[in-house]
Amino acid sequence: MMVTTCDTVREKRVKNPRKFFSPSGSSQPLPSNYLIFISDTVSYSIVGRSSIKKINGKKATLVLNKKTFTGEIICS
């Protein structure tokens, strides 16, 4: 019977320091609701932030009832 030993040298695990969240600058948090005028339906709607897919200046692309609309942000 033949016995062999294998010596392996392992390196110690590198511990990275914790990264703490700190917002850059003093930006305002995004509002949770928006008042939007939708020209396709000629109506105003109060829309939650989760329904808005994209914001470009005063224009917003949103999804309501699985339909995509583009509207103008009146108030946030």
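Offset between the sequence shown (1-based) and the working numbering: plus 637.
Virtual Cβ for every residue (Gly too), placed ideally from N, Cα, C.
Fair warning: this is a prediction, and the values are worked out from it, not measured in the lab.
Q. How would you label Ile683, buried or exposed, when you count the other beta carbons within 10 angstroms and need 16 or more for buried?
A. By 1-based counting over the sequence shown, the position of residue 683 is 46. By the 10 Å Cβ count, Ile683 comes out exposed.
**Q.** Helix, strand or coil at Ser680 according to DSSP, with G and I counted as helix
**A.** Position 43 of the sequence shown, counted from the start, is the residue given in the question as residue 680. Three-state result, Ser680: strand.
(Q) Considering Cα atoms alone, identify which of Gly694, Glu709 and Lys690 is closest to Val700. (A) Mapped onto the sequence shown, residue 700 falls at position 63. Per the Cα distances, Lys690.
Q. Considering only C-alpha positions, which residue in the set Thr698, Cys712 and Ser680 is nearest to Phe706?
A. For the purposes of this step, residue 706 is identified with residue 69 of the sequence shown, where counting begins at 1. Checked all of Thr698, Cys712 and Ser680; the closest Cα to Phe706 is Thr698.
Q: Give the straight-line distance between the Cα atoms of Ser680 and Glu709, rounded to the nearest whole angstrom.
A: As a working mapping, residue 680 is identified with position 43 in the sequence shown. As a working mapping, residue 709 is identified with position 72 in the sequence shown. About 11 Å.
Q | Lys704 versus Leu672, Thr678 and Phe658, residue with shortest Cα-Cα distance | A | The residue labelled residue 704 in the question sits at position 67 within the sequence shown. That would be Thr678, whose Cα lies nearest to the Cα of Lys704.
Q: Could you spell out the range, first to last residue, of the beta strand (DSSP E) harbouring Lys690?
A: Locating residue 690 in the sequence shown gives position 53, where the first residue counts as 1. Ile689 to Asn693 is the span of the beta strand (DSSP E), which, as asked, contains Lys690.
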